[in-house]
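Participant:
In this note's numbering, the protein residues as written are 0 to 276.
1. In three-state DSSP terms, what is residue 180?
2. Any idea which residues DSSP pairs residue 96 with across the strands?
3. Could I get the ranges of all uninterrupted beta strand (DSSP E) runs contained in the region 222 to 267, with 3 residues as the minimum, in chain order?
4. Contact between the region 244 to 263 and the region 81 to 90 is defined here as three or more beta-carbon pairs at a separation below 8 Å; is this criterion met?
5. Among 154, 162 and 188, whose alpha-carbon lies nearest the alpha-carbon of residue 169?
6. Classify residue 269: buried if its beta carbon has 16 or more other beta carbons within 10 angstroms, exposed otherwise.
7. Whole angstroms is fine: what's the gap from residue 56's alpha carbon to residue 109's?
8. Could you round the C-beta distance between residue 240 and residue 131 to whole angstroms and report it? I think they count as a contact, below 8 Å.
9. Roughly how far, in whole angstroms, is the beta-carbon of residue 180 from the beta-carbon of residue 194, given that I think they are within contact range, below 8 Å?
10. Which value, in whole angstroms, describes the spacing of the CA atoms of residue 65 and residue 82?
11. For residue 140, which beta-bridge partners are listed by DSSP?
12. Given this structure, state the Cα-to-Cα distance separating residue 111 from residue 248, to the nearest angstrom.
13. Given residue 221, which residues of its chain have a CB within under 7 Å of its CB, disregarding the five upstream and five downstream residues?
14. Work out the CA separation of residue 137 and residue 258 for me, nearest whole Å.
15. Would you mind listing the alpha helix (DSSP H) stretches within the region 58 to 126 that are 4+ residues and don't spill past its ends, in chain order?
16. On the three-state DSSP scale, how would you describe residue 202?
17. Tell me the DSSP secondary structure of residue 43 in three-state form.
18. Under three-state DSSP, which class holds residue 274?
19. For residue 264, is the classification buried or exposed, using 16 other Cβ atoms within 10 angstroms of its Cβ as the cut-off for buried?
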């Protein structure tokens, strides 16, 4: 294929046009009446983006009672859901919930599907490397649960030689084992309670919030809490790093909710207690 040479006149015209264009830009920048072509539109921060959309996109499971689940009418509800709705309202937007299985919830955040996760997510050093957290809005402590008529076990130390129903991979199982308990493998909280009520185990070390929820739903169940670990697991809303303005807005809303009693009302609705501390 031949390469065609530009005619000298045409080439000269291109050069002159380019020079003329550059001169015009310089003249525009030097006059008060011209547009400043160097100024780029200001980029919205995370809070401004949420407000502009009118929605706070919330990642949540929808299958984890009493934190995020569907009621008898199929409506999404739960402690975390109510907290997120109230926070969104105070920011001035509507909460839009995007239900996602737990195994994929952080991948959804990484892909930008959510602005925040409200799903009883524990704050850990490992997670803090990649994500930012709001101020914690719930604290869950390990508690020791026994049958209503059990007078022998009053503290974790009394577990020595006793049968404790525990999920084998749980850190709660480690607490029972360190206190000398004989571990009876169970699949979850409900099975532990069933075995406890039937007398097939002596105790279970389990989640304090799960205990409160059970007593709220079934106040006549024949179990009681006799001890509690001093330190608890703190949970909070999760954000991608770099969204400081949105995190600050959520923290401000949480603080206001605790100040005016709105947080306590939601907490007592689901647990019958203040679970923020």
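C-beta atoms are modelled at their ideal positions from N, C-alpha and C, and glycine is treated no differently. Keep in mind the model is a prediction, meaning the values are calculated, not measured.
Facilitator: Here's the rundown:
1. coil
2. 57
3. 222 to 239
4. yes
5. Cα-wise, what sits closest to residue 169 is 188.
6. buried
7. 13 Å
8. 5 Å
9. Contact flag wrong, Cβ pair sits at about 13 Å.
10. Computed Cα separation, rounded: 12 Å.
11. BP columns for residue 140 point to 231.
12. 19 Å
13. 146, 147 and 196.
14. 15 Å
15. 78 to 90 and 101 to 109
16. When DSSP states are grouped into helix, strand and coil, residue 202 belongs to the strand group.
17. coil
18. coil
19. exposed
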